[in-house]
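Residue numbers (our numbering): 1 to 216. Idealized CB from N, CA, C, for every residue including glycine. Reviewing the structure listed below.
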């Protein structure tokens, strides 16, 4: 209503919406006409003219199953612990969210919205922070054991390998942790590509600047 969405975002993704104030619906429809994108999960019940159906239902099935499990007094506590770990492991979330991710990838491509990075490892989580003339890319390895449990420990982390591709837009790439060039990235047809190995739970931070940093 105050223009914040229109000023700062290319798209708005709405999930689980059962009702909206008519003024909000009108504002969303006006933003869509002005070029904004509103993507709604298939479970949303509010009609918004011009919005885009995601093509998948976004639900909370994992949480419902988890609550049912932990409140079941007939299950052995040790077995309950193992089942709970497997149910809420990162890999369980990846599997549950795969149809949503596929649908969202398609819808974003259709509206000209691109991912932060291209990556062939589903366990790698990427986030972005940009301000002024520098952009930081945070890459976190969230890979765990398949069952979520190893040696009695929940969500035991493990290493992973990932091919990461960044846009080849002329900006340099630096390793913000070691304060040096990210020399692994080489220019290819797809962009700036690197095959990276991430240790268990490892975080890598890449920095992209509008121009090369001067040598000290």
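Contact between the stretch 123-131 and the stretch 168-179: three or more CB pairs below 8 Å? no
List the residues that DSSP assigns as beta-bridge partners of residue 173. Residue numbering aside, residue 173 sits at position 173 when the chain shown is read from its first letter. Per DSSP, 208.
Residue 83 - containing beta strand (DSSP E), residue span: As a working mapping, residue 83 is identified with position 83 in the chain shown. No beta strand (DSSP E) holds residue 83; the alpha helix (DSSP H) holding it covers 77-87.
For residue 188, is the classification buried or exposed, using 16 other Cβ atoms within 10 angstroms of its Cβ as the cut-off for buried? By 1-based counting over the chain shown, the position of residue 188 is 188. Exposed, since its Cβ has fewer than 16 Cβ neighbours within 10 Å.
Contacting residues, own chain, Cβ-Cβ under 6 Å from residue 15 (five flanking each side not counted): One-based indexing of the chain shown puts residue 15 at position 15. Excluding sequence neighbours, residue 15 sits near 41, 58.
By the DSSP assignment, the beta strand (DSSP E) with residue 11 in it spans what residues? Here residue 11 is taken as the residue at index 11 of the chain shown, counted from 1. 11-14 is the span of the beta strand (DSSP E), which, as asked, contains residue 11.
Are residue 108 and residue 164 touching if we call contact CB-CB under 7 Å? The residue you call residue 108 lines up with position 108 of the chain shown. The residue you call residue 164 lines up with position 164 of the chain shown. Taking 7 Å as the Cβ cut-off, residue 108 and residue 164 do not qualify as a contacting pair.
DSSP-derived helix/strand/coil call for residue 195: Counting from one through the chain shown, the residue named residue 195 turns up at place 195. The answer is strand: DSSP assigns residue 195 an E or B state.
Please name the residue, chosen from 123, 47, 34, that lies closest to residue 21 on a Cα-to-Cα basis. Along the chain shown, one-based indexing puts residue 21 at 21. Considering only alpha carbons, the answer is 47.
Any idea if residue 83 is buried or exposed, counting beta-carbon neighbours within 10 angstroms, 16 or more meaning buried? Stepping through the chain shown from its first residue, residue 83 is reached at position 83. Buried, since its Cβ has 16 or more Cβ neighbours within 10 Å.
Tell me, please, which residues DSSP counts as bridged to residue 131. Stepping through the chain shown from its first residue, residue 131 is reached at position 131. DSSP lists 134 as partners of residue 131.
Inside the stretch 39-119 only - alpha helix (DSSP H) runs reaching at least 4 residues: 61-70, 77-87, 90-110
Pull up the distance between the alpha-carbon of residue 39 and that of residue 100, whole angstroms please. By one-based count along the chain shown, residue 39 stands at place 39. By one-based count along the chain shown, residue 100 stands at place 100. Approximately 12 Å between the Cα atoms of the pair.
Assigned exposure category for residue 85 - 16 Cβ within 10 Å defines buried: Indexing the chain shown from 1 puts residue 85 at position 85. Buried: at least 16 other Cβ atoms inside 10 Å.
Please name the residue or residues paired with residue 164 in a DSSP beta bridge. One-based indexing of the chain shown puts residue 164 at position 164. Bridge partners of residue 164: 119, 194.
Alpha carbon to alpha carbon, how far is residue 11 from residue 37? Give it in angstroms, no decimals. Residue 37 sits at position 37 when you count from the first residue of the chain shown. Residue 11 sits at position 11 when you count from the first residue of the chain shown. Cα to Cα, residue 37 sits roughly 4 Å from residue 11.
Quick check: residue 182 and residue 213, are their CB atoms within less than 7 Å of each other? Here residue 182 refers to the residue found at position 182 of the chain shown. Here residue 213 refers to the residue found at position 213 of the chain shown. Contact: no.
Between the Cα of residue 208 and those of 179, 196, 174, 24, spot the shortest distance and give me the residue it belongs to. Within the chain shown, residue 208 is the residue found at index 208, counting from 1. For the residues 179, 196, 174, 24, the minimum Cα distance to residue 208 belongs to 174.
Would you say residue 140 and residue 200 are within 7 Å of each other, going by their C-beta atoms? On the chain shown, residue 140 is found 140 positions in, with the first residue counted as 1. On the chain shown, residue 200 is found 200 positions in, with the first residue counted as 1. In this structure, residue 200 does not lie closer than 7 Å to residue 140 by Cβ.
Proximity to residue 88 [Cα-Cα], best of 50, 66, 78: As a first step, residue 88 is located in the chain shown; it is residue number 88 there, counting from the start. Checking every option, the nearest Cα to that of residue 88 belongs to 66.
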